[in-house]
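> Structure incoming, see below.
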Amino acid sequence: MKLASFWAAGRDRIGFEDADGNVVDIAAAATSQGMPQLADIRADLLPLLETELGSWWPALRDLHSLYGSGQRATLKFSPGEITWHPPVRRPSKLCCLALNNSANSERILSGPKHPAVFVKPWTAMTGNHTALRIRPVYGRVHPEPELAVVIGARAKDVSAAEAMNHVFGYTIHNDFTSPTMRAEDTFHYRAIHPSAGDPEQIEYVDTHVSYPGRYKCSDTFSAVGPWLVTSDDIEDPHALDVSCSHDGRLITQDNTANLFFKLPEVIEFLSSYMTLMPGDIISLGTALRRSGGGMAVQNVNLAELGGVVSVAISGLGTLSNHVERTP
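Each residue of the sequence shown is one higher than the one before, counting from 1 in UniProt numbering.
Pasting the structure below:
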């Protein structure tokens, strides 16, 4: 099932895709069928995810079987007449994996033997067909096409064997990045450590460190959507084709099979350090393999080129965003 959060006819709504490609308003359909557990959830998918899954999921499946065929009349919208929100609008966190693609192996001089993660705020998120807003101070900005996972049940100290039980579904994430701001926010300094010979003394260690507060987390730097596709519709999240294009030109073509760390071990690792809450998003890393001699994503300087960037993942649809230059 494909779920969406969107604005239409004067208010925020949640819906699912029917057989004709329209988006059915869940609250309107539920009201007509006397399903109060769904009729009262009108503006965001997160309250559903935060509710015990068994209490509403069977009702939603029944509703989808009635209205998903496109034959039953209810309040529905064509994709072109809605404003798309990220499917989950205010997750507690968006966890992103760094350098989690086998195409990176020759570029990594040293690094951890476990997943490396940074966290983005929900304020960085924007939806399908919305603007990526770029200011001159941002410098170079490029896309990073990624498969993202939405957590459906609280996860703390979860084993890899049990991890998939905590996955609600999948979506697309374009993790926009500014190398210019990354360079500006990188420190080369002497870190203070306890001395190896005398723990009461200190020694200085030559260190480089960069913080992602600007170059990853600026407003609109996380495009997410258009759909949240439930996990029962995706047989294997590690066998999905990923492509990225700019103004119709194919830039990157990859497959999630090339991710270093697979989803079960990622959830096991992350949940050992931080509690994953319903609605939380895990972005599994950038698809990087070039298509037939094309440019690398790092060459697509959206601040200079403008235009439209799109990410397509098999089974999940296509996420598109246009560049809007702002003062």
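Built from N, CA and C at the ideal position, the CB exists for glycine as well.
Going by beta-carbon coordinates alone, are F77 and L132 separated by less than 8 Å?
Position 77 of the sequence shown, counted from the start, is the residue given in the question as residue 77. Position 132 of the sequence shown, counted from the start, is the residue given in the question as residue 132. Taking 8 Å as the Cβ cut-off, F77 and L132 do not qualify as a contacting pair.
> Quick check: the Cα distance between Y67 and M1, rounded to an integer number of angstroms?
Residue 67 sits at position 67 when you count from the first residue of the sequence shown. Residue 1 sits at position 1 when you count from the first residue of the sequence shown. Their backbone Cα atoms lie some 12 Å apart in a straight line.
> What does a CB cutoff of less than 7 Å around M181 pick up in its chain, not counting 5 residues either side in sequence?
For the purposes of this step, residue 181 is taken as residue 181 along the sequence shown, with counting starting at 1. Y138, G139, R214, Y215.
> Could you give the distance in angstroms between the alpha-carbon of E268 and the alpha-carbon of A98?
One-based indexing of the sequence shown puts residue 268 at position 268. One-based indexing of the sequence shown puts residue 98 at position 98. The straight-line gap from Cα to Cα measures roughly 17 Å.
> Would you report the Cα separation of residue 373 and V209, rounded to the nearest angstrom?
Since the first residue shown for the chain is 1 and the last is 327, residue 373 is missing from the structure and cannot be characterised.
> Taking the alpha carbon of D25 as the point to measure from, which residue in Y189, G279, H188, R72 has its own alpha carbon closest?
As a working note, residue 25 is residue 25 in the sequence shown. For D25, the nearest C-alpha among the options comes from R72.
> Could you tell me if N101 is buried or exposed, where buried requires 16 or more neighbouring beta carbons within 10 angstroms of its beta carbon?
On the sequence shown, position 101 is the one that residue 101 refers to. Label assigned to N101: buried.
> Could you check what DSSP says for residue 367 in three-state terms: helix, strand or coil?
This structure leaves residue 367 out entirely; the chain is present only between 1 and 327.
> Ignore the nearest five residues each way along the sequence and tell me which others in H64's own chain have a CB closer than 7 Å to its CB.
Within the sequence shown, the letter at position 64 stands for residue 64. The answer, listed in chain order, is M1, F16.
> May I ask you to list the residues that DSSP assigns as paired with T83?
Along the sequence shown, one-based indexing puts residue 83 at 83. T83 pairs with W7.
> Is DSSP giving D44 helix, strand or coil here?
The count along the sequence shown starts at 1 and reaches residue 44 at position 44. D44: coil per DSSP, three-state reduction.
> Helix, strand or coil: how does DSSP classify L305 here?
Counting from 1 along the sequence shown, the entry for residue 305 is found at position 305. In this structure, L305 counts as helix in the three-state DSSP scheme.
> Answer yes if the region 6–20 comes into contact with the region 82–99, meaning at least three C-beta pairs across the two stretches below 8 Å, and no otherwise.
Result yes; three or more Cβ-Cβ pairs closer than 8 Å.
> Please state whether the Cβ-Cβ distance between W122 and R90 is less than 8 Å.
In the sequence shown, residue 122 corresponds to position 122, counting from 1. In the sequence shown, residue 90 corresponds to position 90, counting from 1. Yes, the pair counts as a contact, with Cβ atoms nearer than the cut-off.
> In the DSSP assignment, what residue or residues form a beta bridge with M125?
Numbered from its first residue, the sequence shown carries residue 125 at position 125. Paired residues: S222.
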